[in-house]
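**Q**
Number of protein chains: 2
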Amino acid sequence: MRKGEETRARILDVAEAAVLAKGFGATSIDELIAETGITKSGFFYHFRDKNELARALLERYIENDERIYDEIFGRAHQLADDPLQAFLLGLKMLSEILADLPNGHPGCLVAVMCTQERAFDREIQEINRQAALMWRRRFGSMFEEIMRIYRPREALDVDQLADMVSTVLEGGIILSKALKQPESLPQQLLVLRSFVRLLFQPASA
Amino acid sequence: MRKGEETRARILDVAEAAVLAKGFGATSIDELIAETGITKSGFFYHFRDKNELARALLERYIENDERIYDEIFGRAHQLADDPLQAFLLGLKMLSEILADLPNGHPGCLVAVMCTQERAFDREIQEINRQAALMWRRRFGSMFEEIMRIYRPREALDVDQLADMVSTVLEGGIILSKALKQPESLPQQLLVLRSFVRLLFQPASA
DNA sequence: AGCCGCTCCCTACCATTGGTACGGTTTCCA
DNA sequence: TGGAAACCGTACCAATGGTAGGGAGCGGCT
Numbered sequence: 004m005r006k007g008e009e010t011r012a013r014i015l016d017v018a019e020a021a022v023l024a025k026g027f028g029a030t031s032i033d034e035l036i037a038e039t040g041i042t043k044s045g046f047f048y049h050f051r052d053k054n055e056l057a058r059a060l061l062e063r064y065i066e067n068d069e070r071i072y073d074e075i076f077g078r079a080h081q082l083a084d085d086p087l088q089a090f091l092l093g094l095k096m097l098s099e100i101l102a103d104l105p106n107g108h109p110g111c112l113v114a115v116m117c118t119q120e121r122a123f124d125r126e127i128q129e130i131n132r133q134a135a136l137m138w139r140r141r142f143g144s145m146f147e148e149i150m151r152i153y154r155p156r157e158a159l160d161v162d163q164l165a166d167m168v169s170t171v172l173e174g175g176i177i178l179s180k181a182l183k184q185p186e187s188l189p190q191q192l193l194v195l196r197s198f199v200r201l202l203f204q205p206a207s208a
Numbered sequence: 004m005r006k007g008e009e010t011r012a013r014i015l016d017v018a019e020a021a022v023l024a025k026g027f028g029a030t031s032i033d034e035l036i037a038e039t040g041i042t043k044s045g046f047f048y049h050f051r052d053k054n055e056l057a058r059a060l061l062e063r064y065i066e067n068d069e070r071i072y073d074e075i076f077g078r079a080h081q082l083a084d085d086p087l088q089a090f091l092l093g094l095k096m097l098s099e100i101l102a103d104l105p106n107g108h109p110g111c112l113v114a115v116m117c118t119q120e121r122a123f124d125r126e127i128q129e130i131n132r133q134a135a136l137m138w139r140r141r142f143g144s145m146f147e148e149i150m151r152i153y154r155p156r157e158a159l160d161v162d163q164l165a166d167m168v169s170t171v172l173e174g175g176i177i178l179s180k181a182l183k184q185p186e187s188l189p190q191q192l193l194v195l196r197s198f199v200r201l202l203f204q205p206a207s208a
C-alpha cells in the first residue's frame, strides 16, 4: 500500500512535468516508464489507460491548486481585516509567488485539457468544469464580502467578476508562454489588482 | 497552381477544426486525408511533415485573426472620433460578434501551441511570440492614443495594459471551454471594457 | 509455517500512426 | 503539345498505445 502509492505519485510527478512541457498527446508512456524506472506492466497496473492517467493528473493538480489558494488568501485574510484589502493583498502575494518561480508558471493542466477537449472523455471535462466553478465560488464569495462594505463604481455581475480572476490567471499563463516572458503573468495579475481597486475606490478619491 | 492552393486550403480547414477540437497530437494525418478525400502522398506533397502543417495552420490563423481585428477596430475608429470611445466600441463589437457565434469561439491556435510547447520546433514558438507582440503593439498604440487625451486614474504600463486585452481573450476562451459556457468569453470582454472605462473616467464623474 | 494479495517484472503480440521512397498518372496552362 | 504541378498507389519502417498472461518478491494474517 505504502510503496504502491509512492510509485504512483512518482509516475504522476514525471507525467505532470512532461504533459505541461509537451502536451498530453506528445507524452509517451514508454518515456514515462523510462524516467520513472518501472516497466510497462507496472504502469498499467496503476492506470488502466492513458485517460485514467489524465484524470489522476488533473485531480491531483486541482487539489494542489486549491490548497495553494487556500493558503494564500487565508493568510491574506489573517493579515487584513477589511475584505477588500485582504483580496488585494492576496492578489499581490499570489503575484509575488508567481514572480519568484524561477522558470515561470509551469502551465495549467486545466487549460491543457481544455485545448484538447475531444481527446478526453466526459468525466475529465466534468472535472474541469467543476474546477472552474470552484474558482468562481472562491473569488465570488470574496467579492460578495467586499460588496457588503464597498459600493462598486460600476454594477458588475459577481460571477463574471469572479471569473475574471480565473481568466487573467489562465490568459496570463498562456501569454507568458507565448511571449517567453515569465514575468507577464504576475504583471497581469497586478493590472487586475489595479482594476479591482479602482472599481471599489470611493468616487471622491 | 489554382487547384493546388484550393486543396491545400481544404486540408488546412479540416486540420484547423480537428486541432481545435482534439488538440494537435490527437489529430492524425490518416484522419485528415480521409476527410479531405486525398491520399497520404497527396498530403505529404503539400506539407513536408506534421510540423509544417502546424506552421501553416498557425500562420493562416494569425493572419485571419489580424484581419478580423483590423476590420472591427477600423470600423470602430470610423464610428467614433474619440480614441477612448472607439476602443470601447471596438471591444463591444468584438464581444457581440463572439456572442453571436453559435458554438462559441472555436479556440485559439496560439493557445493550443502554447500548451504543447516542446512538441513544436522553435520556428513555431517564434511565430507564436510574434503574434503576441503584434497584439501588444495593436492594443498598445490604441492605449497610447487614449492616454494623449485622457489621464488614467492609475499609472499603468502601456504594454501591460495592452497585454491585458490578449490575456482576457485567451483566458476567456479557456474559461468558456472549461465551463462549457460560450457566453463567458464575451462577458469577460465586457468586464474588461468596464475596467478600461473606469480607468480613464475623470475623477469627478 | 503457509498462504494470500499487493506490487510489480518479463515476454510476446497487435493495430495505429507519422513518415519515407518512388514510380506512375492526370490536369492545366503556356 | 510538352512540361510542370498536383496528385495517386503501393510498399515499407519505427514508435506508440494497448492487451494478454505468467510469474516473482514480500509483507501480513491465520
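Chains as they are written, first to last, in the numbering used here: chain E, 4 to 208; chain Y, 4 to 208. Note that beta-carbon positions come from the ideal geometry of N, C-alpha and C, so glycine has one too.
1. Buried or exposed for E:A208, going by 16 or more other Cβ atoms inside 10 Å?
2. Counting contacts by CB-CB distance shorter than 8 Å, is E:S169 in contact with chain Y?
3. Of the choices E:K183, E:I152, E:V194, whose alpha-carbon is the least far from that of E:L172?
4. List the residues of chain Y that E:R132 touches, going by C-beta distances under 8 Å, in chain order.
5. Leaving out the 5 sequence neighbours to the left and right, which residues in its chain are closer than 6 Å to Y:L164 when beta-carbon positions are compared?
6. Given a threshold of 16 other Cβ atoms within 10 Å of its Cβ, counted over all protein chains shown, does Y:G3 qualify as buried or as exposed?
7. Quick check on E:L23: buried or exposed, where buried means 16 or more other Cβ atoms within 10 Å of its Cβ?
8. Let me know the secondary structure DSSP gives Y:C111 once reduced to three states.
9. Within this structure, are the beta carbons of Y:I32 and Y:K43 separated by less than 8 Å?
10. Does chain Y have any CB closer than 8 Å to the CB of E:D33?
11. Would you say E:D166 reaches chain Y, if we count a Cβ-Cβ gap shorter than 8 Å as a contact?
12. DSSP on Y:E186, reduced to helix/strand/coil?
13. Taking C-alpha atoms, which residue in Y:G107, Y:G28, Y:A135 lies nearest to Y:D162?
14. Sort E:V199, E:L201, E:E66, E:Q184 by Cα distance to E:L104 and report the nearest one.
15. Using a Cβ-Cβ distance under 8 Å, would Y:Q88 count as near chain E?
16. List the residues of chain Y that E:A212 touches, going by C-beta distances under 8 Å, in chain order.
17. Please go through the same chain and pick out, in chain order, the residues whose beta-carbon is closer than 6 Å to the beta-carbon of Y:E1, but skip the five residues on each side of it.
18. Rounded to the nearest angstrom, what separates E:R140 and Y:K180 at their Cα positions?
19. If you measure from the beta carbon of E:S211 to each beta carbon in chain Y, is any gap under 8 Å?
20. Mapping DSSP to helix, strand and coil, what is Y:G143?
21. Could you tell me whether the Cβ atoms of E:L15 and E:A59 are closer together than 8 Å?
22. Shortest alpha-carbon distance to Y:A206 belongs to which of Y:R154, Y:D160, Y:Q81, Y:A158?
23. Check whether chain Y comes within 8 Å of E:L101, counting only Cβ atoms and requiring the distance to be less than that.
24. Would the beta-carbon of E:T118 fall within 8 Å of that of Y:T39?
25. E:G28 by DSSP, collapsed to three states: which one?
26. I need the boundaries of the alpha helix (DSSP H) containing E:Y72, first residue and last residue.
27. When you compare only the Cα positions, how much space is there between Y:R132 and E:G107?
28. Is the CB of Y:R156 under 8 Å away from at least one CB in chain E?
29. Could one say the Cβ of E:K25 lies closer than 8 Å to chain Y's Cβ atoms, at least one of them?
30. Where are the beta strand (DSSP E) runs, 3 residues long or more, that stay fully inside the segment 146-183 of chain Y, in chain order?
31. Does Y:Q88 come out as helix, strand or coil in the three-state DSSP assignment?
32. If we ignore side chains and look at the alpha-carbon of each, how far apart do Y:S187 and E:I41 end up?
33. Output, in chain order, the set of chain E residues within a Cβ distance shorter than 8 Å of Y:R81.
34. Does DSSP classify E:G40 as helix, strand or coil?
35. Using a Cβ-Cβ cut-off of 8 Å, state whether Y:V194 counts as contacting chain E.
36. Buried or exposed: which applies to Y:S169, given that a residue is buried once 16 or more other Cβ atoms fall within 10 Å of its Cβ?
**A** Answer, in terms of the structure:
1. For this step, residue 208 of chain E is matched to residue 205 along the first sequence. Confidence in E:A208 is poor, its pLDDT being 49 and thus under 50, which makes the residue's placement unreliable; the coordinate value appears in the next sentence. Answer is exposed; the Cβ neighbour count stays below 16.
2. Translated into positions along the first sequence, residue 169 of chain E becomes position 166. So, interface residue.
3. What you label residue 172 of chain E is simply residue 169 of the first sequence in a count that begins at 1. Measuring from the Cα of E:L172, the nearest candidate turns out to be E:V194.
4. Here residue 132 of chain E corresponds to residue number 129 of the first sequence, with the count starting at 1. Neighbours of E:R132 across chain Y, judged by C-beta separation under 8 Å: A181, L182, K183.
5. Start at 1 with the first residue of the second sequence, and residue 164 of chain Y comes out as number 161. Excluding positions up to five away in sequence, the list reads F146.
6. A query on residue 3 of chain Y cannot be resolved here, the shown segment of chain Y reaching from 4 to 208 and no further.
7. Residue mapping note: residue 23 of chain E aligns to position 20 of the first sequence, counting from 1. It is buried - the Cβ of E:L23 has at least 16 other Cβ atoms within 10 Å.
8. If you number the second sequence from 1, residue 111 of chain Y lands on position 108. Coil.
9. Taking the first residue of the second sequence as position 1, residue 32 of chain Y is located at position 29. Taking the first residue of the second sequence as position 1, residue 43 of chain Y is located at position 40. Yes.
10. To locate residue 33 of chain E, count along the first sequence from 1; it is residue 30. Answer no: the Cβ-Cβ gap between E:D33 and chain Y never drops below 8 Å.
11. Locating residue 166 of chain E in the first sequence gives position 163, counting from the first residue. Chain Y, which has a Cβ nearer than 8 Å to the Cβ of E:D166, makes this yes.
12. Within the second sequence, residue 186 of chain Y is the residue found at index 183, counting from 1. Looking at Y:E186 - three-state DSSP - the assignment turns out to be coil, as it is neither helix nor strand.
13. Within the second sequence, residue 162 of chain Y is the residue found at index 159, counting from 1. Comparing C-alpha distances from Y:D162 to each of Y:G107, Y:G28, Y:A135 shows the shortest one belongs to Y:A135.
14. Within the first sequence, residue 104 of chain E is the residue found at index 101, counting from 1. If we check each option's Cα against that of E:L104, E:Q184 comes out closest.
15. The sequence position of residue 88 of chain Y within the second sequence is 85, counting from 1. No, Y:Q88 does not count as interfacial toward chain E.
16. As displayed, chain E neither begins before 4 nor continues past 208, which places residue 212 of chain E out of reach and without an answer.
17. Outside the shown range of chain Y (4 to 208) lies residue 1 of chain Y, about which nothing can therefore be said.
18. One-based indexing of the first sequence puts residue 140 of chain E at position 137. One-based indexing of the second sequence puts residue 180 of chain Y at position 177. In this structure, the CA atom of E:R140 is about 18 Å from the CA atom of Y:K180.
19. With chain E running from 4 to 208 in the structure shown, residue 211 of chain E is simply not present.
20. Within the second sequence, residue 143 of chain Y is the residue found at index 140, counting from 1. Here Y:G143 sits in helix by DSSP.
21. Position 12 of the first sequence holds residue 15 of chain E. Position 56 of the first sequence holds residue 59 of chain E. Yes; because the gap between Cβ atoms is below 8 Å, this pair is in contact.
22. In the second sequence, the residue the question calls residue 206 of chain Y occupies position 203. With distances taken between CA atoms, Y:A206 lies nearest to Y:R154 out of Y:R154, Y:D160, Y:Q81, Y:A158.
23. By 1-based counting over the first sequence, the position of residue 101 of chain E is 98. Closer than 8 Å: no.
24. Position 115 of the first sequence holds residue 118 of chain E. Position 36 of the second sequence holds residue 39 of chain Y. Cβ distance not < 8 Å, so E:T118 and Y:T39 don't count as in contact.
25. Position 25 of the first sequence, counted from the start, is the residue given in the question as residue 28 of chain E. It is coil, neither helix nor strand.
26. Sequence index remark: in the first sequence, residue 72 of chain E carries index 69 (1-based). Going by DSSP, E:Y72 is part of the alpha helix (DSSP H) stretching over 53-82.
27. The residue you call residue 132 of chain Y lines up with position 129 of the second sequence. The residue you call residue 107 of chain E lines up with position 104 of the first sequence. Near 16 Å, if we compare the C-alpha coordinates of E:G107 and Y:R132.
28. Against the second sequence, residue 156 of chain Y aligns to sequence position 153. At a cut-off of 8 Å between C-beta atoms, Y:R156 counts as an interface residue with respect to chain E.
29. Mapped onto the first sequence, residue 25 of chain E falls at position 22. So, interface residue.
30. List check, beta strand (DSSP E) in window: nothing returned.
31. Against the second sequence, residue 88 of chain Y aligns to sequence position 85. In this structure, Y:Q88 counts as helix in the three-state DSSP scheme.
32. The count along the second sequence starts at 1 and reaches residue 187 of chain Y at position 184. The count along the first sequence starts at 1 and reaches residue 41 of chain E at position 38. When rounded, the separation of the alpha-carbon atoms in Y:S187 and E:I41 is 43 Å.
33. Position 78 of the second sequence holds residue 81 of chain Y. Note on identity: in this sequence residue 81 of chain Y is Gln, with Arg being the wrong assignment. The contacting residues do not exist; Y:Q81 stays about 27 Å from chain E at best.
34. Within the first sequence, numbered from 1, the residue matching residue 40 of chain E stands at position 37. Reduced to three states, the DSSP call for E:G40 is coil.
35. For the purposes of this step, residue 194 of chain Y is identified with residue 191 of the second sequence, where counting begins at 1. Interface residue, yes.
36. Locating residue 169 of chain Y in the second sequence gives position 166, counting from the first residue. Buried.
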